[in-house]
Amino acid sequence: MMRVSSKVTQQIAFTLLLLANLLVIVPVAMVIVIILKEGLGAISWEFLTQMPKSGMRAGGIFPAIVGTFYLVLGAVLFALPLGLCAAIYLNEYAKDDWLNRVVRLAIVNLAGVPSVVFGLFGLALFVSFFKFGASILAGSLTLGVMILPVIITSSREALGAVPKSFREVSLSLGATKLQTIKYAVLPHALPGILTGTILGVSRAAGETAPILFTVAAFYLPRLPQSAFDQVMALPYHLYVLSTQVPNVDPKIRYGTALVLLTIVLLMNLIAIMIRSHFRSKKKW
Numbered sequence: 237m238m239r240v241s242s243k244v245t246q247q248i249a250f251t252l253l254l255l256a257n258l259l260v261i262v263p264v265a266m267v268i269v270i271i272l273k274e275g276l277g278a279i280s281w282e283f284l285t286q287m288p289k290s291g292m293r294a295g296g297i298f299p300a301i302v303g304t305f306y307l308v309l310g311a312v313l314f315a316l317p318l319g320l321c322a323a324i325y326l327n328e329y330a331k332d333d334w335l336n337r338v339v340r341l342a343i344v345n346l347a348g349v350p351s352v353v354f355g356l357f358g359l360a361l362f363v364s365f366f367k368f369g370a371s372i373l374a375g376s377l378t379l380g381v382m383i384l385p386v387i388i389t390s391s392r393e394a395l396g397a398v399p400k401s402f403r404e405v406s407l408s409l410g411a412t413k414l415q416t417i418k419y420a421v422l423p424h425a426l427p428g429i430l431t432g433t434i435l436g437v438s439r440a441a442g443e444t445a446p447i448l449f450t451v452a453a454f455y456l457p458r459l460p461q462s463a464f465d466q467v468m469a470l471p472y473h474l475y476v477l478s479t480q481v482p483n484v485d486p487k488i489r490y491g492t493a494l495v496l497l498t499i500v501l502l503m504n505l506i507a508i509m510i511r512s513h514f515r516s517k518k519k520w
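Each residue of the sequence shown is one higher than the last, beginning at 237 in my numbering.
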């Protein structure tokens, strides 16, 4: 009876886990199918490379694609070095005392702050206080601050996963603390660091609220000339097409959503491939 009861319990648990996975996978798959069905007809070389025309009712989305690329690139250039240095300090240098634990908890909590709060923070600090205005610089810094907790947390976890014996062997051979981190720790933590960075970037690429306050232009059919220019961006462009511009062909809306979704999914796919590539080289 005990064996039968254990098998039944195990089967029920497996069934519940399968249903939980389906509840996650099925809605996502439906969203992808609907966007593909409605937006695939709008995708063309002209749609991807031309400027918007007729008040965004015709033409392409090239400025929005370029603007999104500039914002994501600026966010990574700001957040990756700062986040990596913070993770190295927290994991390798800081003492395990109450202050360090409070800082770690604060970083984890920051990762869950709504993006609109980061947008208001960027508006107050970068746009108004530093007087960058609504610009690529202000938008990139705001997105960088938003993804900074994700990069710090993932990098710290990746550094912590490297065995302590690697550090001990390096130090016993006469290497300094910095040399040990550079040559014995960072190369083995690189997969986790890159994965966390790309996942943070994919989040930044799809956010609307932070760029709404700091950089996004309603209609700007030209490319930016400097870091202090406004730009169009795919998330805000999609919002504008869906709510502010009347008589827009639904194919343009869904086509824009498909381009944005493809960019985000590609970033996640790259993260998985990088992680698998570096993990296959590990010998521990």
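All C-beta atoms, glycine included, are put in the ideal place defined by N, C-alpha and C.
Taking the Cα of Ile-301 as reference, the smallest distance to any Cα among Leu-384, Val-267, Leu-494, Gln-246 is reached at Leu-494. Linking His-513 to Leu-320 through their CA atoms gives a straight-line distance of about 21 Å. For Leu-470, the uninterrupted alpha helix (DSSP H) run begins and ends at 470 to 479, by DSSP. Only residues of its own chain outside the window of five on either side were considered, and among them Leu-430 have a CB closer than 6 Å to the CB of Ile-510, listed in chain order. A contact is defined here as three or more CB-CB pairs under 8 Å, and the region 468 to 486 meets this definition with respect to the region 435 to 455. Taking the CA atoms as reference points, Ala-507 sits about 22 Å from Ala-322. The residues Lys-487, in chain order, have a CB closer than 7 Å to that of Gly-277 in the same chain once the five nearest residues on each side in sequence are set aside. Per the C-alpha coordinates, the member of Phe-314, Ile-261, Pro-482, Ser-371 positioned closest to Ala-294 is Pro-482.
The residues Val-467, Met-468, Ala-469, in chain order, have a CB closer than 6 Å to that of Gly-303 in the same chain once the five nearest residues on each side in sequence are set aside.
For Pro-457 against Arg-515, the beta-carbon gap comes to about 45 Å, at or over 8 Å, which does not count as contact. Residue environment: Thr-492 is assigned as buried (16 or more neighbouring CB atoms within 10 Å of its CB, all protein chains considered). For Arg-392, the uninterrupted alpha helix (DSSP H) segment begins and ends at 372 to 397. Put simply, the backbone Cα of His-424 is about 50 Å away from that of Asp-485.
For the pair Ala-411 and Leu-326, the Cα-to-Cα distance works out to about 20 Å.
Annotated three-state conformation of Ala-342 is helix, per DSSP.
Cβ atoms of Val-312 and Thr-433 come within 8 Å of each other, at about 7 Å.
Residue nearest to Glu-282 within the set Val-269, Phe-298, Ile-271 is Phe-298 (criterion: CA-CA distance). For Ile-279, there is no enclosing alpha helix (DSSP H), as DSSP marks it with neither H nor E. The C-alpha of Thr-389 is placed about 20 Å away from the C-alpha of Ser-376. Residue state for Lys-289 is assigned as strand, using DSSP reduced to three classes.
By the 16-neighbour rule on beta-carbons within 10 angstroms, Ile-343 is buried. Only residues of its own chain outside the window of five on either side were considered, and among them Gly-296, Phe-298 have a CB closer than 8 Å to the CB of Thr-285, listed in chain order.
Between Leu-379 and Leu-307, the C-beta spacing is below 8 Å. Under DSSP, the beta-bridge partners assigned to Ala-294 are Lys-289. In the three-state DSSP reduction, Ala-452 falls in the strand class (E or B). The beta carbons of Val-386 and Leu-435 sit about 7 Å from each other, so the pair counts as a contact at 8 Å. By the C-beta density criterion, Val-381 is buried, having at least 16 other C-beta atoms within 10 angstroms.
Under the three-state reduction of DSSP output, Val-484 falls in the coil class, being neither helix nor strand.
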